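Notes follow the structure.
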Amino acid sequence: MLRVITAEAAYTTEELADILGLPIATIRKYNFHFAKIGVRFTKKNGRLAYTNDDVTIFHELKRIYASPEMTLEKAVITVAKKFNLVPDTPPTISTEKQTLSLESCEVQIKEIQSYIDAKFEERERQLISMAREIRALKKAQQQKKSFYKWLKTFFEK
Numbered sequence: 105m106l107r108v109i110t111a112e113a114a115y116t117t118e119e120l121a122d123i124l125g126l127p128i129a130t131i132r133k134y135n136f137h138f139a140k141i142g143v144r145f146t147k148k149n150g151r152l153a154y155t156n157d158d159v160t161i162f163h164e165l166k167r168i169y170a171s172p173e174m175t176l177e178k179a180v181i182t183v184a185k186k187f188n189l190v191p192d193t194p195p196t197i198s199t200e201k202q203t204l205s206l207e208s209c210e211v212q213i214k215e216i217q218s219y220i221d222a223k224f225e226e227r228e229r230q231l232i233s234m235a236r237e238i239r240a241l242k243k244a245q246q247q248k249k250s251f252y253k254w255l256k257t258f259f260e261k
């Protein structure tokens, strides 16, 4: 007997919205929330292509999210755990790797802090220098004015 093997159906976002009876924007919002927890759906020719399993996942999400006390975030996490889309516990990083990454971060922070301090001191020196120049210019202007006042007293008589 000859069996025909067909490829699994791939639905677009629009087709999935029609199947579920939801607006396209809602499907995109659901997809966004799945992406936030690390669930990615397959892409075909640069567009999302949903399989029959994905349709089942979205049906379940729609059903769970319909309950009044359920938020979308909780519903997405519940569905993802139910279908084993994400692990229950996040991957652990060894304490040795954490220590090494913290040490490198501390070194970078110290380098940045020393750079900031150096730039701050340079700017402060420049400001003090400018303030001295301005003070000297004002003093020179005052001396000029007083000389002209003194000279004017001779010619007014």
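If you're matching positions, the sequence shown starts at 105 in my numbering and goes up one per residue. We treat Cβ as the ideally placed atom computed from N, Cα and C, and that holds for glycine. Since we're looking at a predicted model, the values are computed, not measured.
In the structure shown, R144 falls within a coil segment according to DSSP collapsed to helix, strand and coil. Taking C-beta atoms as the reference points, V143 and V190 count as a pair closer than 8 Å.
Within the stretch 169–246, the complete alpha helix (DSSP H) runs of at least 4 residues fall at 176–186. DSSP, reduced to helix, strand and coil, places L126 outside both helices and strands of the structure shown, so it counts as coil. Selection F187, E173, N149, M174 evaluated against V159 yields F187 as nearest (Cα-Cα). Spanning the alpha carbons of E225 and Q245 requires a straight line of approximately 30 Å. The stretch 169–178 makes no contact with the stretch 203–221, as fewer than three CB pairs between them are under 8 Å. Beta-bridge annotation (DSSP): R151 is paired with K148. Nearest neighbour of K140 by Cα position, chosen from I123, A184, F258, turns out to be A184.
Classified as exposed, N149 has fewer than 16 neighbouring CB atoms from the shown chains inside 10 Å of its CB. 8 Å or more divides the Cβ of L165 from the Cβ of Y115.
Secondary-structure assignment with DSSP links Y252 through no beta bridge to anything. Excluding the 5 residues flanking it on each side, L176 has same chain C-beta neighbours closer than 7 Å at H137, Y169, in chain order. When DSSP reads this structure, Y115 sits in a beta bridge with Y154.
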